[in-house]
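What follows is a short report on a single structure.
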Amino acid sequence: MPRMLDVSEDVRAEIGDEEADRLLVGENSPGSYDCTSCRTPGDSETERTSTVLFIGEETAVLAFAHATCIPSQVVKVAEDQLQGAVRSITGADPQATGTGGEQAVLGVTSGLVLIDNQLHPALVVEPTGPIARPGSAGDEDEFLPLLAEQGFQPVGDLTRPPGTLAGWSVLLAMGQLHAVLQPGTGGGTPVAWWQAHQPLQVTSDWRAAANKSRTVLVFAAPVGCIGQQPREDLLRDALDKAAADGRLVAAAMPLAGT
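Okay, so the sequence shown: first residue is 45 according to this note's numbering, each after it adds one.
This is how it looks when you write it as structure tokens:
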């Protein structure tokens, strides 16, 4: 039975016309699936479904998502991230990125942070659970050590902005937040370190500050340190507490897009 699949031109170019046509007539596509975006069940026989192709340095994985969650697209990711995506999609080895039984994901909050009498556009990254080192079966949260290896710096207090992290950037398109990009392998094309399932809205003040400075401060803390704060003053209080506890790292990143 033909599936209600959307196959974008980018995905078709990567997988070829023959494979794309087989998907569309239902030969190689699933009936039911777990949406790669929201992780809830979907059915390509009864609802519009997007084909999403994850591409790493050596691996490519075709996944499916509700068309209402994300459009059909090609997503370039680092190879180790793609291996994590494979485990997430297949349900195998969930401890590769989370220390518990569930896959930990990165939550991102935007806000303006006052440092040295100047408002800076900032993103705060906090996982939904402890993060284990890839390939590790341990219970220790390795989120901050992993970020330190990438060049993020510890924050003792918020009296000065963090230094710029070379090769990283924050992607804003049409006034919405799309991704945090990191350098590709060997200095190649940047890949997504974090990518929004759906573009995130930011306030007009945040966008104006980012377009003015062309720099975004990215703070990161382990699960349970920041939480979802309803106001920017409460967000600042949570950042100050995480910094005082030695549980905050940060980096400044150039703004890509507008």
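Cβ coordinates follow ideal geometry from the N, Cα and C atoms, glycine included.
Give the secondary structure of residue i by DSSP, where H, G and I count as helix, E and B as strand, and everything else as coil.
{"i": "PRO189", "result": "helix"}
{"i": "GLU62", "result": "helix"}
{"i": "SER52", "result": "coil"}
{"i": "THR141", "result": "Low per-residue confidence applies at THR141: pLDDT is 38, beneath 50, and the placement is therefore not dependable, though the value from the model is reported in the following sentence. THR141: coil per DSSP, three-state reduction."}
{"i": "GLU276", "result": "helix"}
{"i": "SER257", "result": "helix"}
{"i": "THR247", "result": "coil"}
{"i": "ARG131", "result": "At ARG131 the pLDDT is 45, less than 50, meaning the model places this residue with poor confidence; the figure from the coordinates comes in the next sentence. Three-state result, ARG131: helix."}
{"i": "GLU146", "result": "Because GLU146 carries a pLDDT of 44, less than 50, the predicted location of this residue cannot be relied on, and no value is offered for it."}
Quick check on residue i: buried or exposed, where buried means 16 or more other Cβ atoms within 10 Å of its Cβ?
{"i": "MET297", "result": "buried"}
{"i": "GLY207", "result": "exposed"}
{"i": "GLU276", "result": "buried"}
{"i": "ASP185", "result": "buried"}
{"i": "VAL69", "result": "exposed"}
How would you write the range of the beta strand (DSSP E) that residue i sits in, first residue to last?
{"i": "ALA210", "result": "From DSSP, ALA210 is part of no beta strand (DSSP E); its letter is neither H nor E."}
{"i": "VAL157", "result": "150–159"}
{"i": "ASP87", "result": "85–87"}
{"i": "VAL169", "result": "162–171"}
Does the Cβ-Cβ distance between residue i and residue j come in under 8 Å?
{"i": "LEU299", "j": "VAL214", "result": "yes"}
{"i": "ALA288", "j": "PHE196", "result": "no"}
{"i": "ASP284", "j": "LEU202", "result": "yes"}
{"i": "GLY271", "j": "ALA282", "result": "yes"}
{"i": "THR90", "j": "PHE108", "result": "no"}
Please list, in chain order, all residues of the same chain as residue i whose beta carbon is under 7 Å from its beta carbon, the five residues on each side excluded.
{"i": "ALA240", "result": "LEU221, HIS222, ALA223"}
If we define contact as Cβ-Cβ less than 8 Å, is residue i a contact residue for chain D?
{"i": "GLY60", "result": "Among the chains in the structure shown there is no chain D, since it carries only a single protein chain."}
Just to confirm my understanding: we take residue i, look at its own chain, exclude 5 residues before and 5 after, and list those with CB closer than 6 Å. What are they?
{"i": "PRO198", "result": "VAL293"}
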